[in-house]
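Report on the following structure.
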Amino acid sequence: MTGRCILVVSHTARPEAIEATVHVVAKLREAGVVPVMPKSDRDEFAPHLDLSLTAELDTDVDLAQLEVALVLGGDGTILRAAEVLRGSHCPILGVNLGHVGFLAEAESHDLSFTIDRVLAGKYGVEERMTLDVTASFAGEIVASTWAVNEASVEKRGRMLEVAIGVDHRPLSSFGCDGVVLATPTGSTAYSFSAGGPIVWPGVQA
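Count along the sequence shown from 1, then add 725; that gives the number in this note's numbering.
So this is what it looks like as structure tokens:
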């Protein structure tokens, strides 16, 4: 498929997200842009949306063709979109339809204005730190993944002896129930929900 393609990822169970998605798809089509959706989202929206107006990610359009991703929902939906886009360079723009929306950069009442800005290319891109996570046993890698917020190490029923190092240099060791390794984005989620201070996502920590 040729032409401009914009990914639309939505919270599929919330009425306001469904209404917003229908609006976004119509507005993108009017501008001659192809709205692209993950297969799971298209299936969920079948009762509410003319699917012929959209393209399916990976079937009709691949990640490299996406210009930007519009995410309609809360922080959970944005994290799901990040997983869908993992490995690509497609920027994500969250439109907050949740309660806190710390990851979102736009609000639902500005949706039409936000779409117009995106279509005109009038937006900046801010990089967020992520974590590459690898688990090894007896010198062999047994699992690997990544995280936008955090990775945790825990063992139920007994204490852990944890040794932490930075850049392959030992830092500290201690006994604990578990340890959470968080990005600035992830540590803010914990702190903010408890009424504490936020950590700006651009901090290299």
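Think of the CB as a built atom: it goes at the ideal place given N, C-alpha and C, for glycine as much as any other residue.
- Residue range 903 to 907 is occupied by the beta strand (DSSP E) that includes G903.
- Across the structure, L795 and A888 are spaced so that their CA atoms are roughly 40 angstroms apart.
- Shown here, R853 sits in coil according to DSSP, grouped into three states, outside any helix or strand.
- Beta-carbon to beta-carbon, G798 and A751 are separated by about 19 angstroms, too far to satisfy the 8 angstroms threshold.
- Annotated three-state conformation of R767 is helix, per DSSP.
- If you draw a 10 Å sphere on the C-beta of T802, you find 16 or more other C-beta atoms in it, and that means buried.
- If you draw a 10 Å sphere on the C-beta of G819, you find 16 or more other C-beta atoms in it, and that means buried.
- Here the C-alpha atom of Q790 lies approximately 9 angstroms from the C-alpha atom of C815.
- By the criterion of a C-beta distance shorter than 8 angstroms, S813 is surrounded in its chain by L788, A789, L791, once the five residues flanking it on both sides are discounted.
- Pairing V891 with P909 gives a Cβ-Cβ distance that is not under 9 angstroms.
- Put simply, the backbone Cα of A745 is about 27 angstroms away from that of P926.
- At the C-beta level, S869 and T859 come within 9 angstroms of one another.
- Taking the CA atoms as reference points, D857 sits about 7 angstroms from A872.
- For the set V867, K880, I817, the Cα lying nearest the Cα of E851 is the one of I817.
- Straight through space, the alpha carbons of V928 and S916 are spaced by roughly 15 angstroms.
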